[in-house]
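Chains as they are written, first to last, in this note's numbering: chain V, 14 to 352; chain X, 14 to 352.
The beta carbon of each residue, even a glycine, is placed where N, CA and C say it ideally should be.
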DNA sequence: TGTTATTTTGGAATCGATTCCAAAATTAAG
DNA sequence: CTTAATTTTGGAATCGATTCCAAAATAACA
């Protein structure tokens, strides 16, 4: 049904001016007389003319498009906010995003980059779906690139990552300032794992304890695997301690789910018998659990936005690592012993 | 650092042939002599030449790009598979996706469409994040459009939606064939709600019961609100019945979470005392709950793929509504009374 | 009013590919 | 060894915008 689209020539002819003038009107060039401007605009309106993006891009060498390469969104749906932040920021500046999920496949990743370069994207965002080190081919150096939720060993790109230490510290502080003294932590991976989350959060945990002159007790730190089942087991052993914790910091919301189950199986009430704090602010869990789970939120949306904004300030600044704070989302899973 | 990109002219000069010949090599035209072909290809290789997508699109009037307009992905993260299906299918055909989430804002939706038309997308996918009726402006008629997980009242587009009735039927059948006879259903909305899911699933439920000569018992059908809290309450009233159900069909996994909580609070074991089946196959819940939740999966990925495939078969066929079956994902929340 | 300075305009050249047509090269036929 | 038929090639025209430059129109000034 689509009636053939008009070109700038059609408009020029109809308005009885030159193509140059139409172009100037389109681009709000000041050097066009008000009367002709409105004449041209009238014609543009009347004919419902829309300039061809392709032609414009070819001539100006600007695609008004960014590439967004993501790895494995699917496995971590709560990270969609990453995409959302980037998309919204881009949209506000009249840019669109070419998005491809490379599914953690290095080859696909390279081909995605190629397709995007072919299309003259003005920049690339490479986003991991959880905080990790990544290694990117040389090809990524040929266009402004910013990393989200990840970094490379050589630090050649500007990157943004969540502040795991601060998050661990704040989560623990929250428990401490509510009057809890025996606070346990269930890590989502071993401290030697290649993922920075576990080690960072643990460090924050220790720092917060030290602030109030407490030592991290070995029996209170458990190593889980990020899933509910592992946390279930960890919680059981924690509560079997001679002097069990009154509060548990679970390093993922999924683990908090397991902890909830374990506590209930022991007929313990949350938060009256044991307080719990999670990590990720994964709506499906944190909001739906009973009682609703207090948790640390990952700054996904903020990092996505920031990445686009970096790209927009084109003249690539020296590669820096930006660290984003994780806010505490307070719900009902923490008992207030003192204020 | 990006060294200037070569043009087809550069290649032609270097290979000592005309631009036409280079173009023919690029497009695998048969009419080029093997010896010149390899000569040209060598130069292309050596200079790492990549044709400009913009120039090519302008000339051929083909953008190799589809638009994907989504509404409110954010609120329903498990629907990302919709995007994933579309993206993968597009990728396999050398196409890329321009994705924008219009956030349920009709104005933004229109502007997104405009931006996409400007860029000469070859088709548009409009995806709702849960099954619903939508209304789209006339502008959508100007380019091949296919709807995913939604439909318009006037049925002017080809659309794909999940088969709610089949899903409701299969979920209930599963419970029945395991030997359960008093099976309750907790709907995710009232039957009069504008969302087809509740009514469809309920109809399937009734059909399955009728197949084995059972009547739907009014006291066994509860109206929830899709969230855990409402299902918690519903479950309590179900179990307080003189003759409580031995199986509960929860129309969302989030509600199943509430049902789990309620049953545990009554010291009832799943699945030994009560069996539960969910809906959505939302990994965070279904896989992490204990015991893992049997549930109906929404065919998100399949619908996304299908949409792209429809678009690829360009000559738009008459608008049809395609209904996608929802598979049963069997886990451990159903007790087998008989086989 | 005649000059000069300034504002506004038209249109050719350009971006980098594809495509078409006529010319050149090659092959086949006589 | 011609001539005709066929294959291969070069390059101009084209897609639809922007941009630059010179020309035309207008304004300013004496």
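Extent of the continuous alpha helix (DSSP H) run through residue i
{"i": "residue 93/X", "result": "93-105"}
{"i": "residue 165/X", "result": "Premise fails: residue 165/X lies in the beta strand (DSSP E), 158-165, not in any alpha helix (DSSP H)."}
{"i": "residue 170/V", "result": "Looking at the DSSP string, residue 170/V is not in any alpha helix (DSSP H), and its letter there is neither H nor E."}
{"i": "residue 248/X", "result": "241-252"}
{"i": "residue 274/V", "result": "266-278"}
{"i": "residue 315/X", "result": "313-325"}
{"i": "residue 27/X", "result": "21-28"}
{"i": "residue 260/V", "result": "From DSSP, residue 260/V is part of no alpha helix (DSSP H) but of the beta strand (DSSP E) over 260-263."}
{"i": "residue 4/V", "result": "Residue 4/V falls outside the range modelled here, since chain V spans only 14 to 352, and no answer is possible."}
{"i": "residue 58/X", "result": "47-60"}
{"i": "residue 119/X", "result": "119-131"}
Range covered by the beta strand (DSSP E) that runs through residue i
{"i": "residue 335/X", "result": "334-337"}
{"i": "residue 146/V", "result": "137-146"}
{"i": "residue 110/X", "result": "109-114"}
{"i": "residue 206/X", "result": "Element bounds for residue 206/X: n/a, residue is neither H nor E."}
{"i": "residue 291/X", "result": "288-293"}
{"i": "residue 309/V", "result": "307-310"}
{"i": "residue 84/V", "result": "78-84"}
{"i": "residue 236/X", "result": "234-236"}
{"i": "residue 197/X", "result": "196-200"}
Residue closest to residue i, alpha-carbon to alpha-carbon, out of the options
{"i": "residue 155/X", "options": "146/X, 123/X, 183/X", "result": "123/X"}
{"i": "residue 286/V", "options": "307/V, 301/V, 261/V, 310/V", "result": "261/V"}
{"i": "residue 211/X", "options": "218/X, 201/X, 22/X, 220/X", "result": "201/X"}
{"i": "residue 34/X", "options": "51/X, 183/X, 335/X", "result": "51/X"}
{"i": "residue 334/V", "options": "59/V, 112/V, 289/V, 165/V", "result": "165/V"}
{"i": "residue 144/X", "options": "342/X, 337/X, 343/X, 351/X", "result": "337/X"}
{"i": "residue 320/X", "options": "110/X, 73/X, 67/X", "result": "110/X"}
{"i": "residue 104/V", "options": "300/X, 127/X, 102/X", "result": "127/X"}
{"i": "residue 312/V", "options": "187/V, 207/V, 174/V", "result": "174/V"}
{"i": "residue 36/X", "options": "18/X, 65/X, 259/X", "result": "65/X"}
{"i": "residue 217/V", "options": "243/V, 176/V, 242/V, 239/V", "result": "176/V"}
{"i": "residue 108/X", "options": "325/X, 21/X, 242/X", "result": "325/X"}
{"i": "residue 243/X", "options": "267/X, 232/X, 230/X", "result": "267/X"}
{"i": "residue 89/X", "options": "331/V, 97/V, 25/V", "result": "97/V"}
{"i": "residue 170/X", "options": "178/X, 149/X, 189/X", "result": "149/X"}
{"i": "residue 178/V", "options": "20/V, 340/V, 49/V", "result": "340/V"}
{"i": "residue 100/V", "options": "101/X, 100/X, 113/X", "result": "113/X"}
Neighbour-count burial assignment, residue i, 16 or more Cβ in a 10 Å radius
{"i": "residue 280/X", "result": "exposed"}
{"i": "residue 29/V", "result": "exposed"}
{"i": "residue 14/V", "result": "Its pLDDT being 45, under 50, residue 14/V is placed unreliably by the model, and nothing is read from it."}
{"i": "residue 44/X", "result": "exposed"}
{"i": "residue 106/V", "result": "exposed"}
{"i": "residue 63/X", "result": "exposed"}
{"i": "residue 253/V", "result": "exposed"}
{"i": "residue 307/X", "result": "buried"}
{"i": "residue 22/X", "result": "exposed"}
{"i": "residue 167/X", "result": "exposed"}
{"i": "residue 59/V", "result": "exposed"}
{"i": "residue 187/V", "result": "buried"}
{"i": "residue 248/X", "result": "buried"}
{"i": "residue 228/X", "result": "exposed"}
{"i": "residue 119/X", "result": "exposed"}
Cβ-heavy atom distance, residue i to the ligand ZN, below 8 Å
{"i": "residue 312/V", "result": "Inclusion of the ligand ZN in the displayed structure is not the case, the ligand content being empty and no account of it being possible."}
Contact between the region 343-350 of chain V and the region 186-199 of chain V: three or more CB pairs below 8 Å?
yes
So does the region 75-84 of chain X actually touch the region 285-303 of chain X, counting three or more Cβ pairs closer than 8 Å?
no
Which residues, taken in chain order from the region 244-262 of chain X, show a beta carbon closer than 8 Å to some beta carbon of chain V?
245
Proximal residues, the region 290-304 of chain V versus chain X, C-beta separation under 9 Å:
295, 296, 297, 298, 300, 301, 302, 303
Do the region 86-96 of chain V and the region 54-61 of chain V touch if we need at least three Cβ pairs shorter than 8 Å?
no
Three or more C-beta pairs under 8 Å: does that hold for the region 123-139 of chain V against the region 156-168 of chain V?
The region 123-139 of chain V is in contact with the region 156-168 of chain V.
In the region 55-72 of chain V, which residues sit with their C-beta less than 8 Å from some C-beta in chain X, listed in chain order?
63, 64, 65, 66, 67, 68, 70, 71
Closer than 7 Å between beta carbons: that is the criterion. Which residues of the region 145-165 of chain V meet it against chain X?
154, 155, 156
Got a sec: which bits of the region 304-323 of chain X sit with their beta carbon under 8 Å from any beta carbon on chain V, in order along the chain?
none
Along the region 77-100 of chain V, what residues have a CB closer than 7 Å to any CB found in chain X?
86, 87, 90, 91, 93, 94, 97, 100
Should the region 216-224 of chain V be called in touch with the region 177-186 of chain V, which here means at least 3 C-beta pairs below 8 Å?
yes
Could you list the residues in the region 127-145 of chain V with a C-beta less than 9 Å from some C-beta on chain X, going in chain order?
So the list reads 127, 128, 129, 130, 131, 132, 133, given in the order they occur along the chain.
Between the region 240-257 of chain X and the region 269-283 of chain X, can you find at least three pairs of beta-carbon atoms closer than 8 Å?
The region 269-283 of chain X vs the region 240-257 of chain X: in contact.
The region 99-128 of chain V: positions lying closer than 7 Å to chain X by Cβ
Of all residues in the region 99-128 of chain V, 100, 104, 109, 110, 111, 112, 113, 114, 128 have a Cβ within less than 7 Å of some Cβ in chain X.
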